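*Asks:* In the numbering used here, the protein residues as written are 2 to 397.
Here a beta-carbon is modelled for each residue, glycine too, at the ideal position from N, C-alpha and C.
For clarity, every value in this text was computed on a predicted model and none was experimentally measured.
Please read through the structure below; I'll follow up with questions.
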Ligand code: NAD
Ligand code: NA
């Protein structure tokens, strides 16, 4: 079929298999251009199909030849209907990994469930024996709690007061004022239940109980901080409480993993266009200004550049790992640079529908957004007939 982007609100309903494969290939090329690093050999990636999780998987596989088991929740294709992009990404990744002689298998299902944990543990037992790195990169709108059966929904809201600021509809370029009502009762708890550290801890507990973590194993989960500008909606909002919980969980897991000489970290990553972040008000406007400035300064990064620095220069740096005062890894260091942030604060005041195309990188934002779904790649012929029925070869 001929596959074109079809958008509704902040999401794109279609995905292009050849474009997704191009995206994966470009990320692999970035890693191989950096040479190899001495790193993990057997890696479990939770949330492996898009964003930071996919980039982590690519970095481990192609940077240090790691065997990877990926877990994700994606929609397979049907005749005449494309899959979600993570499915096509994973198919492309596995084809490339297998061609390079690397072990790569995937599990598609709800990582919060007992059933998928069990399936994952069994696969590790049978195929890998143990893993020496667990990447926790889930970003989900809801979680059914495995014990209580309660369905928790995460919300992106300020706490305690109305938040007023501006945002952009990146499809139209229209900048408008928004007013976001504070969260209601239960919103904080629910958001923490979905995006906090409880499920990460359940995974590590289950792996340790089954003796599936190798001596010296590490685990890392991803967080975000961002500038004062976005604090009410992000770091001091409901999602920020979940990130506080996630970061506290790292400390807890660090202690639990001491018995196997293991380590648990949170890495604070930079703001990027992903499916998750496109849905947060104010953030797209912030990112479009951030991209413009970071590109001008020659320090722009996408997911793969971030994960390359995280693995090569931080977690597996033979000279040691630098942490911030709260014990976190910081690869948001360039985003948070004083010169970058002071310029954004200035531009923020000027950002209007009329000025944004000039002062911000709206086109860059849009391109990145469509690339998530396999569109806007020069190398792909979007008028050509393509097969939507792509299989993930290593699906367990
Ligand atoms: P993403 O939406 O690109 O990826 C989410 C992954 O989770 C996908 O692989 C998806 O299939 C999987 N997933 C979702 N629900 C699942 C479920 N129930 N079971 C199994 N898999 C499931 O997200 P991302 O932006 O890469 O975010 C990953 C982490 O990085 C999050 O913790 C996020 O907060 C953090 N982070 C994101 C940004 C950003 O700007 N995007 C910045 C810093 C940190
Ligand atoms: Na991810």
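Below 6 Å CB to CB, which residues in the same chain sit around residue 254 once its five sequence neighbours on both sides are set aside?
*Replies:* The count along the chain shown starts at 1 and reaches residue 254 at position 253. The answer, listed in chain order, is 205 and 265.
*Asks:* In chain order, which alpha helix (DSSP H) runs of at least 4 residues are fully inside the stretch 272-327?
*Replies:* 276-279, 284-297 and 304-309
*Asks:* Exposed or buried, what is residue 1 when buried is set at 16 or more other beta-carbons lying within 10 Å of its beta-carbon?
*Replies:* Nothing about residue 1 can be read from this structure; the chain reaches only from 2 to 397.
*Asks:* Just to confirm before moving on: does the CB-CB distance between residue 395 and residue 105 stay below 8 Å?
*Replies:* On the chain shown, position 394 is the one that residue 395 refers to. On the chain shown, position 104 is the one that residue 105 refers to. The answer is yes: Cβ separation under 8 Å.
*Asks:* Residue 174 and residue 358 - do their beta-carbons sit closer together than 8 Å?
*Replies:* Counted from its first residue, the chain shown places residue 358 at position 357. Counted from its first residue, the chain shown places residue 174 at position 173. In contact: residue 358 and residue 174 (Cβ atoms closer than 8 Å).
*Asks:* For the stretch 92-126, list the alpha helix (DSSP H) runs that are entirely contained and at least 4 residues long, ordered along the chain.
*Replies:* 115-124
*Asks:* What residues match up with residue 168 in a beta bridge as DSSP calls it?
*Replies:* Here residue 168 corresponds to residue number 167 of the chain shown, with the count starting at 1. Answer by DSSP bridge pairing, in chain order: 177.
*Asks:* Alpha carbon to alpha carbon, what distance is there between residue 234 and residue 131?
*Replies:* What you label residue 131 is simply residue 130 of the chain shown in a count that begins at 1. What you label residue 234 is simply residue 233 of the chain shown in a count that begins at 1. One C-alpha to the other measures close to 40 Å.
*Asks:* How many angstroms separate the CA atom of residue 76 from the CA atom of residue 53?
*Replies:* Mapped onto the chain shown, residue 76 falls at position 75. Mapped onto the chain shown, residue 53 falls at position 52. Roughly 19 Å separates the two Cα atoms.
*Asks:* Can you list, in chain order, the stretches of the alpha helix (DSSP H) that have 4 or more residues and sit fully within the stretch 356-388?
*Replies:* Unbroken alpha helix (DSSP H) runs of no fewer than 4 residues, entirely contained in the stretch 356-388, are found at 363-373, following chain order.
*Asks:* Run through DSSP, which three-state label would residue 212 get?
*Replies:* What you label residue 212 is simply residue 211 of the chain shown in a count that begins at 1. Coil.
*Asks:* Taking C-alpha atoms, which residue in 322, 92 and 183 lies nearest to residue 397?
*Replies:* Along the chain shown, one-based indexing puts residue 397 at 396. Closest option to residue 397, Cα to Cα, is 92.
*Asks:* Is DSSP giving residue 73 helix, strand or coil here?
*Replies:* Taking the first residue of the chain shown as position 1, residue 73 is located at position 72. In this structure, residue 73 counts as strand in the three-state DSSP scheme.
*Asks:* Is it right to say residue 153 is buried, meaning 16 or more other beta carbons lie within 10 angstroms of its own, or is it exposed?
*Replies:* Locating residue 153 in the chain shown gives position 152, where the first residue counts as 1. Residue 153 should be labelled buried.
*Asks:* For the alpha helix (DSSP H) holding residue 45, just list the boundary residues, first then last.
*Replies:* As a position in the chain shown, residue 45 is number 44, starting the count at 1. Per DSSP, residue 45 belongs to no alpha helix (DSSP H); it is in the beta strand (DSSP E), 43-47.
*Asks:* If contact is defined by three or more beta carbon pairs under 8 Å, each pair taking one atom from either stretch, is the stretch 133-144 in contact with the stretch 191-211?
*Replies:* Yes, the stretch 191-211 is in contact with the stretch 133-144.
*Asks:* For the alpha helix (DSSP H) containing residue 55, name the first residue and the last one.
*Replies:* In the chain shown, the residue the question calls residue 55 occupies position 54. Here the alpha helix (DSSP H) through residue 55 covers 52-65.
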